[in-house]
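Residue numbers (the numbering used here): -11 to 149.
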């Protein structure tokens, strides 16, 4: 089978387009709160943190399991020590949000509906509009989890999966 110059150019263009498009929608990187040493954070008893902790090698990141992520994004309360875990998420049409929540077997529109409904009962699901707000949400709502497209390592947030 022979390809003409035009067919070869189209094939190559399609390959480049697909490669670039998939790199834009990279896998989400789950981020967690750092434990730090603030007064509110010291309330977390390290003996009560989850034993099936995240893959982060940093000793100062909160420990959560995949099951904890599924539970919190499903509206089931999760506690880290004596504190309720918060979950930050972007609208369901966002490609990063789709990838993150579907990786847990969850449907983003259902999470959005749950967050709207649960806002009346002071849920720990926090809707944000972009990655900058996601980072701020994880920083502000200790202990918290969320997802970003790139690893972020600050005094309050660290990759955990």
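Just so it is clear, CB atoms sit at the ideal spot from N, CA and C, and this is done for glycine as well.
Asked, Found
"Quick check for students: name the residue ranges of the beta strand (DSSP E) that lie wholly in the segment 101 to 143, counting only runs of 3 or more.", "113 to 115 and 132 to 136"
"Here's the rule I'm using: 16 or more other beta-carbon atoms within 10 Å means buried, otherwise exposed. How should residue 56 be labelled?", "buried"
"Near residue 94, what residues of its chain come up, given a Cβ to Cβ distance below 6 Å and the 5 sequence neighbours on each side ignored?", "61"
"At what residues does the beta strand (DSSP E) containing residue 147 begin and finish?", "145 to 147"
"Could you pull the start and end residues of the alpha helix (DSSP H) that residue 17 belongs to?", "Element bounds for residue 17: not the alpha helix (DSSP H) but the beta strand (DSSP E), 17 to 21."
"DSSP has residue 151 in a bridge; who is on the other side?", "Residue 151 cannot be examined here, being either before or after the span of the chain that is shown, -11 to 149."
"Helix, strand or coil for residue 73? Go by DSSP, reduced to three states.", "coil"
"Where DSSP assigns a beta bridge to residue 67, which residues make up the other side?", "72"
"Quick check on this structure: which residue in 105, 137 and 132 has the alpha carbon closest to the alpha carbon of residue 118?", "137"
"Spatial neighbours of residue 145 within its chain, please: C-beta separation below 7 Å, excluding the five flanking residues on both sides.", "19, 21, 22, 123, 126 and 127"
"Within 10 angstroms of its Cβ, does residue 51 collect 16 or more other Cβ (buried), or is it exposed?", "buried"
"Excluding the five sequence neighbours on either side, which residues of its own chain have a C-beta within less than 6 Å of the C-beta of residue 219, listed in chain order?", "Absent from the model: residue 219. The displayed extent of the chain is -11 to 149, so no value can be given."
"For the alpha helix (DSSP H) containing residue 90, list its first residue and its last residue.", "83 to 91"
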